Structures are given as structure tokens and as C-alpha cells.
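I have placed the structure first, in the form of C-alpha cells, so that the comments after it can refer back to it.
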Amino acid sequence: MSHRIAVLVFPGTNSEEETARLLLECGGDAHIVHWSKASTLPHFDAYVLPGGFAYEDRIRAGAIAAHDETMDHVIEGAALGKLVLGICNGAQILLEAGLVPGRGELRRPTAAFTRNGPVPHFVCMRTHMKLVIDPARSPITAALPKGALIPAWVGHGEGRLAAHESELRALAENDHIALVYAHADGRVDASAVPNGSALGAAALVNTAGNVFAVMPHAERDGWTYNHPDRRRGDDMLAPSGGAVLFRSFVRGVGGR
Amino acid sequence: MGSFAGAGIALRPDELRRIAENLGRDPSVVELHAFDAQWSEHCSYKSSRHLLRALPTSGPAVVLGPSEDSGILHFGEHNGERYGIVVAHESHNHPSQVVPFEGAATGIGGIVRDVVCMGAEVIAVADPLRFGRIVPGSHQRYVAQSVVDGIGAYGNAIGVPNLAGDVYFDEGFDDNCLVNVVALGLVKEAEIVHSYAPRNADGWDIVLVGKATDASGFGGASFSSVTLDAADEESNKGAVQVPDPFLKNVLMRASYRVFALLREKKITAGFKDLGAGGIMGCSAEICSAGGYGAQIDLERVNVAIDGLPPEVVAIGETQERFIWALPPEITAAVLHIYNEEFTLPQIAHNARAVVIGKMTAEKRYVMREAGNVVMDVDIDFLTGSIRDDLPHHEIATPEPSYGRPLVTGMPFGEVLERVLAHHDVASREPLYRRYDRAVRGRTVVARGEGDAGVLAPISGSKLGMAVAVAGNPRYGGIDPRLAAEHAVYESVRSVCAVGARPTGLTDCLNFGNPRKPEHYGELVAAIAGLATAAREFEMPFVSGNVSLYNESAGGKAVPASPVVACVGTLSDISCVVTMSLKQPGSVLYLIGHPQGALGGSVVLDVLGRHDRTLPRIAYEPVQRQHDFLWQAMQSRLVRSAHRVSNGGLIVAVCEMAFSTMHCGHTGIGVQIDDPWQWTHGALGELEALFNEAGGFAVEVAAKDVDAFEGLADNVDGVYEIGVTVEHPVLSLRNEAFDLSHLYDVWRRPLAEVYP
Chain A
69 MSHRIAVLVF PGTNSEEETA RLLLECGGDA HIVHWSKAST LPHFDAYVLP
119 GGFAYEDRIR AGAIAAHDET MDHVIEGAAL GKLVLGICNG AQILLEAGLV
169 PGRGELRRPT AAFTRNGPVP HFVCMRTHMK LVIDPARSPI TAALPKGALI
219 PAWVGHGEGR LAAHESELRA LAENDHIALV YAHADGRVDA SAVPNGSALG
269 AAALVNTAGN VFAVMPHAER DGWTYNHPDR RRGDDMLAPS GGAVLFRSFV
319 RGVGGR
Chain B
487 MGSFAGAGIA LRPDELRRIA ENLGRDPSVV ELHAFDAQWS EHCSYKSSRH
537 LLRALPTSGP AVVLGPSEDS GILHFGEHNG ERYGIVVAHE SHNHPSQVVP
587 FEGAATGIGG IVRDVVCMGA EVIAVADPLR FGRIVPGSHQ RYVAQSVVDG
637 IGAYGNAIGV PNLAGDVYFD EGFDDNCLVN VVALGLVKEA EIVHSYAPRN
687 ADGWDIVLVG KATDASGFGG ASFSSVTLDA ADEESNKGAV QVPDPFLKNV
737 LMRASYRVFA LLREKKITAG FKDLGAGGIM GCSAEICSAG GYGAQIDLER
787 VNVAIDGLPP EVVAIGETQE RFIWALPPEI TAAVLHIYNE EFTLPQIAHN
837 ARAVVIGKMT AEKRYVMREA GNVVMDVDID FLTGSIRDDL PHHEIATPEP
887 SYGRPLVTGM PFGEVLERVL AHHDVASREP LYRRYDRAVR GRTVVARGEG
937 DAGVLAPISG SKLGMAVAVA GNPRYGGIDP RLAAEHAVYE SVRSVCAVGA
987 RPTGLTDCLN FGNPRKPEHY GELVAAIAGL ATAAREFEMP FVSGNVSLYN
1037 ESAGGKAVPA SPVVACVGTL SDISCVVTMS LKQPGSVLYL IGHPQGALGG
1087 SVVLDVLGRH DRTLPRIAYE PVQRQHDFLW QAMQSRLVRS AHRVSNGGLI
1137 VAVCEMAFST MHCGHTGIGV QIDDPWQWTH GALGELEALF NEAGGFAVEV
1187 AAKDVDAFEG LADNVDGVYE IGVTVEHPVL SLRNEAFDLS HLYDVWRRPL
1237 AEVYP
């Protein structure tokens, strides 16, 4: 039986179409589910929260969405061990909901993706992410090679990981920092971090490993035609590059 | 002229007399404001429409010419279906000068609606911008920063990538910035939705959709049709609309769902954006264009606050609204999509879809409020074309003066650095990094990676769509006609530089007060220039916009600013070419004839010299160069390419090298041969390296040189100019310049404005 993935749309979400399309092309049984159909969510086996500006990012990015009915179902599903992937605004929502890193109470976040620093502006640019946890730490990364380098785009104004110093220490010690910003050649240094994120963090995973929050958009560099280093003989329409993250997620869900 | 401007009415006495004569009575307050909006320059194009007839608007690629909210160009076929690219171009100059963030954001919001209402999915936006001198602490700098933030905030939120744009800084824009916006959409040609009601639509419902009508944007159309007066700044702010990208995001998605419903039910409906003239303007146009009249009941309009005067409800330009003309049997299902499925009332205060009236066979436009008729006019008289024949001065092209080669005591390295740091040349990356350029996952060449932005808009298809904009105000200030020709040429050239075939054009004409013969003369000359270039390139204009009165109260007008966008098609995205150098050991060529004319060039500006001789366009050789480049790219002989433009050939080559230096890469260098050799002594060194006449710099791998030169055999204007080298150095004769230093010089100026 196929495992159904719900790609959630909150009012203000804007990346559901390409996210669902890449999941489908990576073998996932993805369905776009709008907020007015939230009551159908318990029938799905996994949830993907795509990018955008849910509820206009009022108060803080993700703060209002974290409290709506859609998230009641995601929180229930996560507790049952269903896989949850949040991308950009979706990642912000997962942190605001307290699902990631999941070290405190629900909806009482211990860490947040907050206003970029040192320059507090929206930034859009190509980037790379490097896997810095054991792939087996999470079913979502399990199919990635160790140290995988994933191309992506950042496109956010609030992507800087911020938390109390003791919390940041705990995040590092307990392998919650799953992906960090990196250069195209895999080097990791401060100049690769586009937003001042603590520990260079691009993605966090929860304690159980089933909820994953990633700021950069791997789906925007998910097909060969998206890559600047595409070669002419390549299959331009094939999922590649950032698609590895989606393939690994789909495999974790139980797709092909 | 404008003698009622103080009373908020831009209509002139002769126009008011005509209205009273037609009505056989004095107009009501609502009627007065209705005609004021409909007959404004903004809506009626009264002083430009007859001039615009000179532009070519037909051709094999034209699916829909300039007659509705947007034009449509044929794009290609996929799975047996024909696809079109919807193209719209508009200005939001006045509002952006008064409240830059909101004004610019609303510009994006408005142009996106023009594309959506054709039944299309919005796939990209572009933003040609013109700002004043941006010295620290100046109002001009604040405008330049806030406009960019406004465009970013809106485009990012609705999830449409910013694919192309340009920006110039010139004292001519100190009092009037220009914010032009382009939006592009994708539509199946069999599924186009028109801005008029179809046949047999008598008795159809008129449905208003979107934001609750409020008091914002009242008088916007006529406000755009007068010159700006600093003393009126506060009252002008009331004429500016308030953007809501969050609501628009939901409205777009809900409208896409309605399109699917109509397709499924095989229903043809009319759909139109509410822009200038508000509910009145939009409902009158959608009905009159189909040959109908309308009965509108203002009490049914969803309003944000009670007690608004009827003229404000009828004519105010509250943003984020559309009107549908629907057969009654489908109305309930459409209302359900907007109000229940996409929960509009919960997205924004009292936002919703609501029936506000009916279409009538009798061609009168009748509006009621509380049972009283507040407007009752002949609909064709209201929306029909009016024309102003204004006197204009002939603007002649300055006589060319070809003197001796330019010489300067300034060392070459310093000239180069000053050109690279010039505000019209410096890296635009600090500006466009604030724009989402990759949302939707279809970006092939992002802004800055090539001369045109490229998308792969159709899933499963290798078709690529390219778009680029152009319009050089340094040229506009010298010769509007040649400036217009160059705007077409540069936009076409940019599309060619990525390997696409240009298919069509759209324009935005930004000028001063047309009632001054010298400014009207500039408009006349620029349109003639656009027509010449478009005919030579065999390229139609499918849409466009005219923005006049870009003039301060002191009478200072903007430089003549014809801005052009060109759209092109790649039949296979694997043939796309970017600007970044690919490897050391390649050969560099110039394709194009360098010219001695330096009028309007950046190098003259940095040297403080003046010359009014602009480069000429020799269309025939240029066409052959474009064909040759396309063939070479199809044959995969070109590794990278960059058009020659602001700053000339040497800047183009530097930028190709700079593109390799991102993200801590050391980069590839270039060695340029002595220009004396490859121009055969025809030009001075500064002319050869800094002239902006056109052409391309291209990189050809050593192994492909023979094939490339063989293909170039019959093409005039192909010069071997140098090679790429391993180290990040620009070498010229016996001098070497550190490219990483030059990169910093080029990167810093706008990074200070857009940190």
C-alpha cells in the first residue's frame, strides 16, 4: 500500500506546487492539502510543510500557523512517529510548534529561526548544505551518504538559528544540528553562512529523528535545469541535486 | 489645463462641457469622478493612443495584441497543446515617489493581476527602476532603498520569482523615480480568459472578488495624470493604494481553482483586474467591451468601513480586487471557491466574492446606492476613446561629431576602476539578492547569471522562456528616438545572449508633461524609434503602458525613458548559455562592431566629458550577428556569453570573470589583446574597450575554435580579442590588474546602499 504524503498549505504558503511535484518525481505519493481541508490530515502517513509566509509571518515567522488546526494534526501525527519535513517557513512553523528540537513543551519554543543577522534583510542566494549527523540518526536522512553536500537556495528574512547558549550547547551535543551551510566545494566556514545562523545551522532534527526542519530550499535546485553547472548531455528534466533530500525523505516514508 | 486640479478633478473645462452635453444635464458627483478617472491619461491614453498605432503589433508569434489587460505571445507546444506567454508592463512612478515601499509593492500587485485575469499562472516578474542620485542621507537614497524593499516584499510573498530588471541612477530622477514592472504568465492558448463578457451574456452576474473596498486609492488614475507637487504630498498619499500580498497570494490560488472549474464545465466567462477607476472602471470596461451595459448596486459591495461616499466606493482603487462576468448557473460555485474553500473572509477583514450587479442588453451604465440612481450614462461614451491632439516640437537626432580619439591623462587602471564603480555599472547583486529568484523551482538562469532570466515553465518540457529589460536614460537625455531604438536592441540582444530566440516586446513610456510641446515631442520621437527598431527586428509589441506627467512642480521632467522588455524562447534549455567563464585556455571573441561614438557612455561620464553622438544601429549586420550567435550556441560552440552594454566590452569581460569569483572561488582570469591589433587601428583604445555600441563577448573552448570560426566565415564583425587564463588577473598589453580587487571595486557601491 502506498504511503500518502500531505503537502500542507496554510494561508500564505507559496511553494506547495514545486514541493509536491518534486516529491512525486522522487517516488512519493504527494497530495496538496489546503487549510480548509485540515480535517483530512489524519488519513495521511507523512507531512511536508512547504515554504511561504503563513499568516503573513505576523508576530514572528511561523508563530500563528503553529497554533492553528492544521498543526494540531501534525503534532498528533509526529507523536505517532509519522515523518514531518518543514522547509523554510515550514521549518519556522515546526520550531514555533516546539516539535523541533522538541526538547521542551509543545508550542513553547526553545529555539527559533529568527531575523537574519548581522544585516536584517531578506536574502536570496544559492547555497550548499552539508550533512553533519550520522545519516542513520533520522529516517529522513537515512538514505543520504555520510557528509552529503546538498545544493539549495536560501530565500528568507528569518533564518538565523537563535537559542539560549545552554540550549545551543545541547543542540550540538545531542546531534540536533543536521545540516550546516557550506561552500560548493564542501568547505564549512563562517563565510558560507548567509544569515548569521548559530552553529552555521541550516537544518535541525528532533530527538526522535522523525521531524526535520530545514531552512534552505533544496527543491529550488531539485532538477538538473536548476543547476548552474549543468552539462549539455545531462537529462535536464531529471530530479537531481537537491532532490537527494526528497528521495531520502520519500524512502523514509516508505515510498519507492 | 488642469484648472480644477485644486478640487481634485483633472478634467478640463472643455471635457466637462462635452460630458454635460452628452448627458443633457449636469453630471452627478459620482459621474464627475467616473469621467475624471475614465478620461484621465492613465485610463484613456488620450494623448498617446493614436501615436502608438505606429508600433507593429502583429506577427506569427502574436496570440493576443495590445487590446486587453495583457498581451500574449506564442511560446511553444508540449504534448500537443499550444502554450502562450502572457506579457504585461506597467509603471507605478507617482505612488512610488510619494510612498516608495507601498507604491512599488502595489506596482507588482497590479501588474500581477493583469496577468492572472487572462486565465494565466503568474510565472515571473521583472523591475526596470530609475532613481535619482543616491548620496548618503538623501531622500533619493531612501526612495531607492524602499522601492526595492517594496518590490521584494510583495513578489516574495506571492511566490513569483524576480527574473530580470535593471536600475539606473541619474539626477534627472531626483524628483521623480520610475518604477516599471513587468509580469509574465503561462497559459494554454485554448484556455485564455478574456477581459470582456462573451456573446449572449445579457443578465449575467457581475461578481466583485477580493479585498473589502476602503477609502484608499481614491483619485489614483487622475493623480497619475498630473505632475507631482511637493506641497500636495500629504493629500497625494491618500491617492496611493495599500497593498496586501498575503491576501493576493490566496486570491491567486483561488482564481486558479476557478479557472479549473470553468474549464471543467466548459464555461467562457469574463475576468478583469480592478485597476484605475475601481469598480466603475472595471465593470464598465468588461461590459462595454462585450457590447453590454450594466446595472450595479453599490450597497452590495463588501466595504471595510461604513459611511464611505458612493464615489469612493465606486471609483476608489482599493487593491487586490477582480471582477468576474459569470453566467448565473455557475455563480454559486465560484463564490463557494473564494469564500468557503479559500476562506477569503478569514484571510482579510470582510474580503469575499459577492454579486454586485447584472449585465444588461441596454448599453447604459447605471449605478444605484440605497435605491437612488447615482450614475446613468451611455456606457460607450464613458469608456470610448477620446483623443487629445497636442502640439509637439520636432526632436532631431543630434548631428554626429566624430572627432579625434579620446585621450586622458588618467591611468588606464583608474579609468577602469571608476567605470566599474559607476552606479550604472556596479554589481546589482546587493539589490536583487533581496528578491526571491528561485521560488516555483523553475529557474534555469537566475538574475545575474546571464543577460536574460530563463525559466523552464512547463513541467516535463524542455522549452525555456527568456526575458530581459532595457532603457538607457543617459541616451534618453540626448536623443529619445535613438534611445528607444537602443532599448529595443539591448533587450533583444540580452535575450540572444542566453541562447534564446526573441519573440516579442512590451514597452513602458515614461515622459514629462505632454502639454509641453518639447516633452510631447520626445514621446513622439521615442515611439518612432520603437517602431523603427521593432520593424527592423521583426518583433511585435503585444502590450505596453504610457506614463506621462513624470515631472516635478518646478517643471523638471525625467529624461525621456522608453523602457522595453523582450521575451524569447529556447526550444531546448540544454542550449542555454550563462555569462560566467567556464575554463582557462578558452578564446574570447567580440561579436559586433565597436564604434567610436561615446555619447551617453559611462566612460565619458567618469571623465567628466560630454558628447551628443550616440552609437548607431546597423540593423542588417546586427541581425546576422544574432543569427550567427544563435547557431553557434545551438551547435554548443559557446561556453559563456555576455552582451556589451554599460561600460563597454571591458566591463562585459570583467563581469564574465567576476561571475566565477563567488563563494570563495578564486576565479578565472582574462588576457585581452591590444585593441590596436584587433580593430586594425580603426579606433582608439578607450573607444575600443569602453564604447557601448552593442555586441557580445563570448568564450569559445580551444577545441571548438575552428568550428566557431568556420561558422563565422560570412559574418561581419567577429573579432578574436583574447584568452582566458588560470589566475584571476586581467592582463592588457604589459599591465596586469588583480581581478579580486576589481571585483571589490565593482561590488561595493551598491552594497553600501543595499547592505
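For the record, the sequence lines run as chains A and B.
Just so we're aligned: the first sequence equals residues 69 to 324 in the numbering used here.
Just so we're aligned: the second sequence equals residues 487 to 1241 in the numbering used here.
Glycine included, C-beta positions come from ideal geometry on N, C-alpha and C.
Keep in mind the model is a prediction, meaning the values are calculated, not measured.
Residue i versus residue j: straight-line alpha-carbon distance, rounded
i	j	result
leucine 239 of chain A	proline 169 of chain A	8 Å
glutamine 631 of chain B	valine 572 of chain B	29 Å
glycine 566 of chain B	lysine 948 of chain B	14 Å
leucine 1009 of chain B	alanine 1046 of chain B	7 Å
cysteine 994 of chain B	tyrosine 1105 of chain B	23 Å
leucine 821 of chain B	glycine 843 of chain B	14 Å
arginine 228 of chain A	glycine 172 of chain A	20 Å
valine 1281 of chain B	proline 897 of chain B	Since the first and last residues shown for chain B are 487 and 1241, residue 1281 of chain B lies out of range.
valine 222 of chain A	threonine 81 of chain A	16 Å
glycine 545 of chain B	cysteine 773 of chain B	28 Å
Cut-off 6 Å between Cβ atoms - residues of its own chain near residue i, not counting five sequence neighbours on either side
i	result
valine 940 of chain B	Val930, Val931, Gly950, Ala952, Val984 and Val1062
leucine 830 of chain B	Tyr824, Ala837 and Arg838
glutamate 771 of chain B	Thr869
asparagine 648 of chain B	Val611, Gly641, Tyr921 and Arg923
phenylalanine 828 of chain B	Val736 and Ala740
cysteine 768 of chain B	Lys758, Leu760 and Ile809
valine 318 of chain A	Cys94, Gly95 and Gly96
Cutoff 8 Å; reference residue i; Cβ partners in own chain excluding five residues on either side
i	result
valine 152 of chain A	Ala114, Tyr115, Val116, Leu117, Val142, Gly145, Ala146, Leu162, Leu167, Asn278, Val279 and Phe280
histidine 295 of chain A	Pro219, Asp289, Ser308 and Gly309
alanine 1222 of chain B	Val1215 and Leu1216
methionine 139 of chain A	Ala133, Ile161 and Ala165
aspartate 864 of chain B	Asn508, Lys849, Arg850 and Tyr851
CB contact below 8 Å: residue i versus chain B
i	result
valine 279 of chain A	no
leucine 163 of chain A	no
leucine 305 of chain A	yes
valine 116 of chain A	no
leucine 153 of chain A	no
serine 107 of chain A	no
serine 316 of chain A	no
phenylalanine 112 of chain A	no
CB contact below 8 Å: residue i versus chain A
i	result
serine 481 of chain B	Residue 481 of chain B lies beyond the range of chain B shown here (487 to 1241); nothing can be said about it.
threonine 1064 of chain B	yes
aspartate 922 of chain B	yes
glycine 1170 of chain B	no
valine 925 of chain B	yes
serine 553 of chain B	no
glutamate 1185 of chain B	no
lysine 948 of chain B	yes
Residue i, buried or exposed, once every other Cβ within 10 Å from all chains shown has been counted against 16
i	result
glutamate 588 of chain B	buried
proline 796 of chain B	buried
threonine 804 of chain B	buried
lysine 198 of chain A	buried
arginine 786 of chain B	exposed
threonine 108 of chain A	exposed
glutamate 657 of chain B	exposed
alanine 1166 of chain B	Looking at the sequence provided, one finds histidine at residue 1166 of chain B rather than alanine. Exposed.
arginine 298 of chain A	buried
Sequence-distant residues of the same chain with beta carbon closer than 7 Å to residue i, five excluded per side
i	result
histidine 251 of chain A	His196 and Ala260
### Message
Under 8 Å, with one C-beta from each stretch per pair, do the segment 960-975 of chain B and the segment 512-525 of chain B reach the 3-pair mark?
### Response
no
### Message
Contact between the segment 527-534 of chain B and the segment 754-769 of chain B is defined here as three or more beta-carbon pairs at a separation below 8 Å; is this criterion met?
### Response
yes
### Query
Do the segment 835-847 of chain B and the segment 673-693 of chain B meet, that is, are 3 or more Cβ pairs less than 8 Å apart?
yes
### Message
Any contact between the segment 1102-1121 of chain B and the segment 1131-1147 of chain B? By contact I mean 3 or more CB pairs, one from each, below 8 Å.
### Response
no
### Query
Any chance the segment 87-94 of chain A sits against the segment 809-820 of chain B, with 3 or more Cβ pairs inside 8 Å?
no
### Message
I want to know whether the segment 605-619 of chain B touches the segment 863-878 of chain B - three or more CB-CB distances under 8 Å.
### Response
no
### Message
Under 8 Å, with one C-beta from each stretch per pair, do the segment 894-912 of chain B and the segment 1230-1238 of chain B reach the 3-pair mark?
### Response
yes
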